[in-house]
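> The following block contains the structure, expressed as structure tokens.
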Amino acid sequence: MRIAICPGSFDPVTKGHLDIIRRATTLFDKVIIGVSVNPNKKGCFTLEERVNLIKKCTTDIPNIEIDIVDTLLAEYAKKVKACAIVKGLRAVTDFEYEFQMTALNYQLNKNIETFFVMSPPQYMYLSSSIVREIASLQGDIDQFV
Ligand code: ADP
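So the sequence shown is residues 1368 to 1512, counted in this note's numbering.
Structural data, given as structure tokens:
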């Protein structure tokens, strides 16, 4: 069975994330949405809230699992026997960070490949932090999440 992980903080999950997750589920037998405990990101939703939000909007996708990743992703991948990490790329600005993470993960676990899926044009600008910002200014976030 080919298992992939879609990692992220999903704070909150957006339509951009869901697009990447759906596309990954057509390529792998099982996709684990790995919700990360990221000490470097100032969070808005608790882990439990983030997991529940993802659950609510993925009920129609049969081959996914949602899990919390509180170790190195490379170690987590070994534990769940995943062969791939699937990530979304929005713009060139994502590339620098992802380039570094891919090299690091490969060094830590040579059995895992990282795949990048390009964001469709309508979600290229969309991030969880933009959604949090719009919400904090009482803007309408319905079209994004
Ligand atoms: P964010 O950067 O929005 O806080 P995460 O850290 O949760 O998102 O990102 C998890 C993964 O989802 C990353 O691979 C990121 O590139 C991807 N992703 C986030 N938003 C989008 C989007 N709008 N289109 C494509 N991929 C996205």
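Using N, Cα and C, we set each Cβ at its ideal position, and we do this for glycine too.
Suppose you measure from the CA of residue 1372 to the CA of residue 1455; what does that come to, to the nearest Å?
Taking the straight line joining both Cα atoms gives about 12 Å.
> Give the DSSP bridge partners of residue 1434, in chain order.
Partner(s): 1401.
> Here's the rule I'm using: 16 or more other beta-carbon atoms within 10 Å means buried, otherwise exposed. How should residue 1378 be labelled?
Buried, since its Cβ has 16 or more Cβ neighbours within 10 Å.
> Since I believe residue 1388 is in contact with residue 1435 (beta carbons under 8 Å), could you give me their beta-carbon distance rounded to a whole number of angstroms?
At roughly 16 Å, the Cβ-Cβ gap does not stay under 8 Å, so residue 1435 and residue 1388 are not in contact.
> Please tell me whether, using a cut-off of 7 Å, the distance from the CB of residue 1443 to the nearest non-hydrogen atom of ligand 2 is below it.
In terms of ligand content, the structure shown lacks ligand 2 and carries ligand 1 instead.
> Can you tell me the Cα-Cα spacing of residue 1485 and residue 1475, whole angstroms?
Using only the alpha carbons, I get a separation of about 25 Å.
> Reducing DSSP to helix, strand and coil, say where residue 1455 ends up.
Strand.
> Measuring CA to CA, which of 1492, 1376, 1511 is closest to residue 1404?
Residue 1376 is the option with its Cα nearest to residue 1404.
> What is the rounded straight-line gap between the Cα of residue 1477 and the Cα of residue 1503?
Their backbone Cα atoms lie some 42 Å apart in a straight line.
> Over what stretch of residues does the alpha helix (DSSP H) that includes residue 1383 continue unbroken?
Looking at the DSSP string, the run of the alpha helix (DSSP H) that includes residue 1383 is 1382-1394.
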